Amino acid sequence: MTRPPDILCIGSVLWDMIGRAPSHMEKGADVPGRIIRLPGGVALNIAMTLARFGMRPALLSAVGRDAEGEELLQQCAGLGLETAHVYRSEDLPTDRYMAVEGANGLIAAIADAHSLEAAGAKILAPLGNGTFGTEALPYAGPVAIDGNLTAQLLEEIAHDPRLSRADLRIAPASPGKAERLMPFLRAERGALYVNLEEAGILCHQAFGSAAEAALGLVARGAARALVTDGGRPAADATADGVLTATPRQVLVTRVTGAGDTFMAAHIASEARGADRAAALARALDAAAQYVSGETPS
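At the far end of the sequence shown sits residue 297, using UniProt numbering, and the numbering has no gaps.
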């Protein structure tokens, strides 16, 4: 019998179209490089990394019944992800994400998650119907949530009684969607995984370090805040204080998905019983492996 999932991953499951060039790029640049298509989306990136760390994630998302959606879910199942509870729309296409990366990092990106947004609360149907808990006995396991969900749905999740006992782990999909996480600050629920820019957007101020930003988020109501800052020290803060760690220096060959890898590695480490310092160090190492072109495991 298939074992039940260890974690729910709620959010974007889509195709990534990534163009990478080995040269430094500026606005309007036209350079040779490589263009690849691969399964992506914040929730899916987290789930794939969790699976590599030995966990069994279940996806709650929206995927079209088009050919792209069929292929995407087949690949997800082949990676050990539970896809049976993904909402399949008859009339919405499978979402896509497109990014351009140069030697100087991410140049530009567009996330087309309109189908996920249109599906709304339909993706949460497995919660409370006996699949993952009931109204009387809410789901009590870990849940990874991404900011590609609408602001309204994130507000509902922050106060959803079906998730009242869950260990919520939340990440914005991008700086442009960081403010969607405000409901979790107001509800004082969950662990937020953000970068320095996203922390500044949430707090409406600029921070000089990850530690300062993490403490700022806690002061604003975050139950816990994990803040990364590229190759500079990262931080993990709660009301009890803050700890920091510095990632090892590597040659950066890719950036899309690095934050998702950090978050997944951190969740997996704590699921295995690691303390806060060890989990932070392991997550930074996994992210360093990822951006260098290796596959963390």
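Every residue, glycine too, gets a C-beta built ideally from N, C-alpha and C.
Treat the numbers as computed from the prediction; the structure is a model and nothing was measured.
Leaving out the 5 sequence neighbours to the left and right, which residues in its chain are closer than 6 Å to residue i when beta-carbon positions are compared?
{"i": "Ala211", "result": "Ala235, Val242 and Thr244"}
{"i": "Lys177", "result": "Gly147"}
{"i": "Leu154", "result": "Arg180 and Pro183"}
Express the C-alpha separation of residue j and residue i in angstroms, rounding to a whole number.
{"i": "His159", "j": "Ala58", "result": "21 Å"}
{"i": "Ala99", "j": "Phe132", "result": "34 Å"}
{"i": "Pro93", "j": "Leu44", "result": "17 Å"}
{"i": "Gly200", "j": "Ile170", "result": "16 Å"}
{"i": "Pro5", "j": "Tyr193", "result": "22 Å"}
{"i": "Ser89", "j": "Tyr139", "result": "25 Å"}
Where does the unbroken alpha helix (DSSP H) through residue i begin, and where does it stop?
{"i": "Gly20", "result": "Reading the sequence as shown, one finds Arg at residue 20 and not Gly. Where Arg20 is concerned, there is no enclosing alpha helix (DSSP H), although the beta strand (DSSP E) it sits in stretches over Leu14 to Arg20."}
{"i": "Thr49", "result": "Val42 to Arg52"}
{"i": "Gly176", "result": "Per DSSP, Gly176 belongs to no alpha helix (DSSP H) and is neither H nor E."}
{"i": "Gly230", "result": "No alpha helix (DSSP H) contains Gly230, which DSSP labels as neither H nor E."}
{"i": "Arg186", "result": "Met182 to Ala187"}
{"i": "Gly216", "result": "Ala210 to Ala219"}
{"i": "Ser115", "result": "His114 to Ala119"}
{"i": "Leu81", "result": "Looking at the DSSP string, Leu81 is not in any alpha helix (DSSP H), and its letter there is neither H nor E."}
Counting only the same chain and skipping the five closest in sequence on each side, list residues whose C-beta sits under 7 Å from that of residue i.
{"i": "Leu124", "result": "Leu60"}
{"i": "Glu270", "result": "Ala279"}
{"i": "Ala118", "result": "Leu92"}
Going by DSSP in three states, residue i sits in which element: helix, strand or coil?
{"i": "Thr244", "result": "strand"}
{"i": "Leu280", "result": "helix"}
{"i": "Leu262", "result": "It is worth fixing the name first, because residue 262 is Phe in this sequence and not Leu. In this structure, Phe262 counts as helix in the three-state DSSP scheme."}
{"i": "Met1", "result": "For Met1, the predicted model reports a pLDDT of 38, less than 50, meaning its position is unreliable and no value from the coordinates is stated."}
{"i": "Met25", "result": "coil"}
{"i": "Ala125", "result": "coil"}
{"i": "Pro161", "result": "helix"}
{"i": "Tyr97", "result": "strand"}
{"i": "Asp236", "result": "strand"}
{"i": "Leu149", "result": "coil"}
Enumerate in chain order the residues of its own chain whose CB-to-CB distance from residue i is below 8 Å, with the five nearest sequence positions on each side excluded.
{"i": "residue 306", "result": "The question about residue 306 has no answer, for the chain in this structure spans 1 to 297."}
{"i": "Gln205", "result": "Gly216"}
{"i": "Ala108", "result": "Ala99 and Val100"}
Quick check on the DSSP output: the beta strand (DSSP E) that includes residue i runs from which residue to which?
{"i": "Glu71", "result": "That residue, Glu71, is in no beta strand (DSSP E); its alpha helix (DSSP H) goes Ala67 to Gly78."}
{"i": "Leu59", "result": "Pro57 to Leu60"}
Could you tell me how far apart the beta carbons of residue i and residue j are, in whole angstroms, since I believe they sit closer than 8 Å?
{"i": "Ala268", "j": "Met55", "result": "6 Å"}
{"i": "Leu72", "j": "Pro39", "result": "6 Å"}
{"i": "Gly190", "j": "Leu168", "result": "3 Å"}
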